[in-house]
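Quick note on numbering: the sequence shown equals residues 1 to 297 in the UniProt record's numbering.
What follows is a short report on a single structure.
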Amino acid sequence: VRVKPVQNSGTLPIICQSILNISVGSVAVRNPLQTSLDSYQDEDLRELREKWSNALMRRRQYLDQQIQKLVHKQSKTEQDIEREQSLVQQWVNLTEERNAVMVPQAGSGIPGAPADWSPPAGMEPHIPVLFLDLNADDLTTHNSGEEVTVTGINSILSKEFGNKFYNLPIIKHLEKDVCAVASWDSSIHENLHLNRLTPPNERVFLILKTTVRLSDPAPMDLVLRKRLALNIYKKQSLTDRFFKRIVRSDCLSQTGVTYEIVSNIPKSSEELEDRESLAQIAASGEDSSDADGETYI
Numbered sequence: 001v002r003v004k005p006v007q008n009s010g011t012l013p014i015i016c017q018s019i020l021n022i023s024v025g026s027v028a029v030r031n032p033l034q035t036s037l038d039s040y041q042d043e044d045l046r047e048l049r050e051k052w053s054n055a056l057m058r059r060r061q062y063l064d065q066q067i068q069k070l071v072h073k074q075s076k077t078e079q080d081i082e083r084e085q086s087l088v089q090q091w092v093n094l095t096e097e098r099n100a101v102m103v104p105q106a107g108s109g110i111p112g113a114p115a116d117w118s119p120p121a122g123m124e125p126h127i128p129v130l131f132l133d134l135n136a137d138d139l140t141t142h143n144s145g146e147e148v149t150v151t152g153i154n155s156i157l158s159k160e161f162g163n164k165f166y167n168l169p170i171i172k173h174l175e176k177d178v179c180a181v182a183s184w185d186s187s188i189h190e191n192l193h194l195n196r197l198t199p200p201n202e203r204v205f206l207i208l209k210t211t212v213r214l215s216d217p218a219p220m221d222l223v224l225r226k227r228l229a230l231n232i233y234k235k236q237s238l239t240d241r242f243f244k245r246i247v248r249s250d251c252l253s254q255t256g257v258t259y260e261i262v263s264n265i266p267k268s269s270e271e272l273e274d275r276e277s278l279a280q281i282a283a284s285g286e287d288s289s290d291a292d293g294e295t296y297i
């Protein structure tokens, strides 16, 4: 198992420190007529969108209140008119942002946008999201204790729930990369499909799960999953191996999945009003409190 950040893929500093454990389980069988299984899950994406949408809804309620107060104000100053126009524009921008969050366009860079890329051989085309939910100010976790925060433990794949996983003994760690080699004996699963030749019309799937320790952006553990498709065949004879070398049929030696790591929702989305708008109020010397005692700043 090898884990490495994609270079020049974002502004979040991700440093993988080590692979803590490797486990396999959740054996499933599929035939060509059934939907194939992969490593995609949208649990974290739903959580991210819900939190982002709730923040935008709080901002919308605030803007609605402020706009209504200015609309019903009898005598408006020039500053009131400018502020009303600014608030209306912020309301329009907020609506556009919410639409972009819930239904992102391909290539927009917003989490959950349809993948717009040509994955290398062996790499899955779909990119699942992992939401770290860090503090926006300093990228720290919300855990105040000494225990390390674990992210992704509940980001289960389809057909995974309730299935048993077996921890594999790690026999060595590679010094050059964040990589670990584990030993796997398929008989531990006591599964019929792993102890016989795979028929031509079947594919055997199982899930490999690994826990990775991060040092940046915060000390925490990430649980990553990769669905594997297996084809169990009898040991090749010398003739078969010789023929294979002559024909040189392309064979993949590795398979992978790319995750999109999101640290937090944008801090600007959690603010009730644009900072520029608040700065104009402060610069004008206008009282920042209204009749109800609410303060803009």
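Note that CB positions come from ideal geometry on N, CA and C, so glycine has one too.
Local conformation of E78 per DSSP, three classes: helix
Helix, strand or coil for Y259? Go by DSSP, reduced to three states. coil
List the DSSP bridge partners of K172. V181
Just to confirm, are L208 and I232 a CB contact at a threshold of 9 Å? no
Once DSSP output is grouped into helix, strand and coil, what is the label at L252? coil
Jot down the residue ranges of each uninterrupted alpha helix (DSSP H) in the stretch 71 to 149, minimum 4 residues, whole runs only, in chain order. 78 to 102
If we call anything under 9 Å between Cβ atoms a contact, is D44 one with V148? no
Classification of T295 by the beta-carbon crowding that lies within 10 angstroms, buried from 16 upward: Per-residue confidence for T295 stands at a pLDDT of 49, beneath the threshold of 50, marking its modelled position as unreliable; no derived number is given.
Could you name the residues of the same chain whose beta carbon sits closer than 8 Å to that of S277, not counting the 5 residues immediately before and after it, in chain order? R83, S86, L87, Q90
May I ask which residues mark the beginning and end of the alpha helix (DSSP H) holding K267? 267 to 270
Please state whether DSSP places D44 in a helix, a strand or coil. helix
Check whether the Cβ atoms of Q41 and L157 lie closer than 9 Å to each other. yes
DSSP three-state call for I232: helix, strand or coil? coil
By DSSP, does S158 sit in helix, in strand, or in coil? coil
Does the count of Cβ pairs from the stretch 120 to 139 and the stretch 195 to 207 closer than 8 Å reach three? no
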